[in-house]
Amino acid sequence: RLLQFQSGSTCTTCHGQRLNPAALSLKLAGKNIADFLALTIPEALGFTQKLSELDSVKSLEEARRGLEQRLTFLNDAGLTYLTLNREINSLSGGEGQRVRLATQLGLGLVGVTYVLDEPSIGLHPSDHSRLIKSLHGLRDLDNTLVVVEHDRDMMLAADHLVEMGPGAGIDGGKVIFEGTPDECKKHPTSRTGAYLSGRATLDKIIQRKPVGKEYITVKNAKENNLKNITVKFPIGNITAVCGVSGSGKSTLAIDILSAVAARKINGAKLIPGVYGGIEGLEKINAFTAVDQEPIGRSPRSNPATFTGIMDLMRELWSSLPLAKVRGYNAGRFSFNVRGGRCETCTGEGFVALDMQFLGETFVECPSCAGRRFNRETLEVRFKGLNISDALKLSVKEAVEVFKAQPRLAEKLRTLEEVGLGYLKLGQAANTLSGGEAQRLKLASELSRRDHSGRLYVLDEPTTGLHWDDIAKLLKLLGRLRDAGATLIVIEHQSDVILAADWAIELGPEGGKEGGHIIFEGQPEDLKKTKESPTGRALKN
217 RLLQFQSGST CTTCHGQRLN PAALSLKLAG KNIADFLALT IPEALGFTQK
267 LSELDSVKSL EEARRGLEQR LTFLNDAGLT YLTLNREINS LSGGEGQRVR
317 LATQLGLGLV GVTYVLDEPS IGLHPSDHSR LIKSLHGLRD LDNTLVVVEH
367 DRDMMLAADH LVEMGPGAGI DGGKVIFEGT PDECKKHPTS RTGAYLSGRA
417 TLDKIIQRKP VGKEYITVKN AKENNLKNIT VKFPIGNITA VCGVSGSGKS
467 TLAIDILSAV AARKINGAKL IPGVYGGIEG LEKINAFTAV DQEPIGRSPR
517 SNPATFTGIM DLMRELWSSL PLAKVRGYNA GRFSFNVRGG RCETCTGEGF
567 VALDMQFLGE TFVECPSCAG RRFNRETLEV RFKGLNISDA LKLSVKEAVE
617 VFKAQPRLAE KLRTLEEVGL GYLKLGQAAN TLSGGEAQRL KLASELSRRD
667 HSGRLYVLDE PTTGLHWDDI AKLLKLLGRL RDAGATLIVI EHQSDVILAA
717 DWAIELGPEG GKEGGHIIFE GQPEDLKKTK ESPTGRALKN
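If you read the sequence shown in my numbering, its first letter stands for residue 217, the second for the next number, and so on.
Right, here's the structure in full:
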């Protein structure tokens, strides 16, 4: 509990190198161990390979070969832009999985079952072949791999495909298809097969909008690996920011542009990355970063509270005849304040048992049986449902229940449009995935009346989405743009890049070899740019 109040700073004695002077004084080929750990994986691999030429290392050849092998596995997992001293808790979910995958390859275990959850997240299409090679390497050691994926390349590289569906939530849970990727392409009812075969596409989901003459211009960006670049983002359009992993996309769009916009427009106390200046923000009147950060870290936050649906439900229940007779106001139907909530669990629905050194364990509240409200409050019903029952509805079910309540129905339909029809209204925020949190934020933004002059920055919004869900996402982005918003989308997904009005690619590689502008212009022209890794992926 005290961790939330802690902050870190670089040690003034070792300057972040962690070792004492005696340890740092020992050097191999001119580098101490801290210098070596500061290298990117390809740099460390090259350094290790050159050590074989030194006579002084001959006696350590076995250790050198082991180091070279492990670095090769990390390199093949598409982690070329990471330094060896990168903190593990700063890695994305996909990066963490690929590090663990490389570790398993190095162990050479046989007869193991591995379960991977979207290991391609955050990986550029040009790196997919290396990741697939790593997975095949594990398989060829007589291991079994079960991979949850939405990526086309990963599906086509599988030996066996299982498709679940046909929808999500209560509409899912059935096996739609089971067999080889080629068989999936021919399956008449498989939505995945339709996209793999090309029968279904995301072409022309939204119409492109011509780029105007007004831009947000970031000048002389130098943060991290950015090479003093000046970049223009057209106002009133959708701009896709693409490039290989580690090329500087997030540094440009989030660490600099988002931070400056949040500071100047929203008054946030953020410190932007190094840049020379910014023009065009005076034409923006509001800013929102639609990222994958949780919408809340406690079970009290849920889709209903985040989107304002809970407020409307409380108003509805307080207007019912029994509530009026008893004098209940909207506050009575809140699990955050005294009156209507269960006081045993203070509206949580569960109670915590302190297990001393084992940490807390949570059990269902014995008083309310997880319903969060007291008995009197639960006696007030709408269409036979009390407020606790309503929170257990999925969005899709709630649309039907509240179809005669215009404001409620509008918010619920927006959630359905972003592909979240399967979510329970009262599902705890800390159980939502990053992609679900991001789409909830999008839905919340869509419910605004005025989008003109707003700037949105989205960080890989297709994470965890099937092609059908990406189609819904594209329509929503198109609606925001057509309502006058400016959207900047960091993305690897080819269909989203091609649907954008404007594309900016950074590269050509990740890490130190990145940070240059490779391309700016119409997305289809990316295919004609020889030095563009994204262009090559789009061709394929």
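All C-beta atoms in this analysis are idealised placements derived from N, C-alpha and C, irrespective of residue type, glycine included. Keep in mind the model is a prediction, meaning the values are calculated, not measured.
Taking the alpha-carbon of residue i as reference, which of the options has the nearest alpha-carbon?
i	options	result
A437	E495, S413, I511, K247	E495
E721	E747, R623, K420	E747
P622	F522, T264, R695, S663	S663
A614	S604, S336, L628	L628
L244	D271, I421, S660	D271
D711	G726, W683, P724	W683
G327	R591, D358, L703, R415	D358
P341	D369, R314, S406	D369
A365	H376, D356, G524	The amino acid at residue 365 is misidentified as Ala; the sequence shows Glu. That would be H376, whose Cα lies nearest to the Cα of E365.
C558	V541, L658, V434, E580	E580
L332	L351, S345, P237, H344	L351
G353	P749, A384, I392, A293	A293
L261	T750, I733, T299	T299
D343	S306, V460, R234	V460
N453	L693, L742, P515	L693
For residue i, which residues does DSSP report across the bridge?
i	result
W718	T455
A568	F578
I706	V457, D675
F449	I432
E394	V378
T256	T299
R557	F589
L528	Per DSSP, none; premise fails for L528.
G723	H732
For residue i, does the three-state DSSP call read helix, strand or coil?
i	result
K402	helix
D419	coil
V460	coil
F263	helix
R516	coil
N482	helix
V712	helix
F549	helix
H732	strand
E439	coil
G493	strand
V506	strand
G389	coil
L219	A caution first: L219 carries a pLDDT of 46, below 50, which makes its placement in the model unreliable, though a value can still be read off. Reduced to three states, the DSSP call for L219 is helix.
G737	strand
Beta-carbon within less than 6 Å of residue i's beta-carbon, same chain only, minus the 5 sequence neighbours each way: which residues are those?
i	result
L219	The predicted model places L219 with a pLDDT of 46, which falls under 50 and marks its position as unreliable, so this point remains unresolved.
G651	T679, G680
L714	P739
K401	G409, L412, S413
T767	Residue 767 lies beyond the stretch modelled for the chain, which goes from 217 to 756, so this question has no answer here.
F549	R530, W533, G556, I603
A456	V705, E707, I713, A716, A719
E379	I392, F393, S406, T408
D685	G635
Could you pull out every residue in the same chain whose Cβ sits closer than 7 Å to the Cβ of residue i, ignoring the five residues on either side in sequence?
i	result
H667	L696, A699, G700, A701
G547	V553, G555
G310	E334, P335, S336, I337, G338, L339
S431	Sequence inspection shows Tyr at residue 431; the Ser mentioned does not correspond to that position. K448, F449, P450, I451, G496, listed in sequence order.
G464	N440, N441, L442, L722, G730, G731
G324	L357
I348	D369, M370, A373
Apart from the five residues just before and just after residue i, which ones in its own chain have a Cβ nearer than 8 Å to its Cβ?
i	result
Q654	V506, D507, Q508, L674, D675, P677, T679
E277	S268
L283	T264
D570	E576
K612	G385, I386, D387, E632, G637, Y638
Check your understanding: Hey, which unbroken runs of the beta strand (DSSP E) at 3 residues or more fall wholly within the stretch 573-661?
Key -> 576-580
**Study point:** Start-end ranges of the beta strand (DSSP E) lying completely within the stretch 286-339, minimum 3 residues
**Key:** Listed in chain order, they are 329-333.
Point to revise | Segments assigned alpha helix (DSSP H), at least 4 residues, entirely inside the stretch 348-382 | key: Contiguous alpha helix (DSSP H) elements confined to the stretch 348-382 occur at 368-373, taking only those with 4 or more residues.
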